[in-house]
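Per the numbering used here: the sequence shown = residues 12 to 95.
The beta carbon of each residue, even a glycine, is placed where N, CA and C say it ideally should be.
Structure first, then comments.
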Amino acid sequence: LSKYLDLILSNEDVTQPKPDPQIYNKAMEFFNLSPSQCLVVEDNPHGLEAARRSGAHVMRVDSVEEVNWENLTREISLIEQGRI
């Protein structure tokens, strides 16, 4: 799987755990992206809070099955249309 990823961050890479947004801010900094250019997909309360605090767009999911192409592209489309 790692050959498909450009960056892997874990709790070992930050000094502040979620709900602090440090892990998301670090990823945005690595890719030189602003929060408005990012969509965070999260499933737990601390992660959701961290994502919101980072300023990124947030997609809440309840299960891994919800993380699919259809749901992701729908969420991105809504963001691009300014509807969320």
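Annotation: the continuous beta strand (DSSP E) that includes residue 53 extends over 50 to 53. Closest in C-alpha terms to residue 42, from the list 24, 88, 17, 65, comes 17.
Residue 71: member of the beta strand (DSSP E) spanning 68 to 71, first to last residue.
Contact between the stretch 43 to 54 and the stretch 65 to 77 is present: three or more C-beta pairs spanning the two stretches fall below 8 Å. Counting C-beta atoms within 10 angstroms of its own C-beta, residue 14 has fewer than 16 neighbours from the protein chains shown and is therefore classed as exposed. Residue burial annotation: residue 53 is buried, with at least 16 other C-beta atoms found within 10 angstroms of its C-beta. According to the DSSP assignment, residue 22 belongs to no alpha helix (DSSP H), since it is labelled neither H nor E.
If you draw a straight line from the Cα of residue 12 to the Cα of residue 85, it is about 25 Å long.
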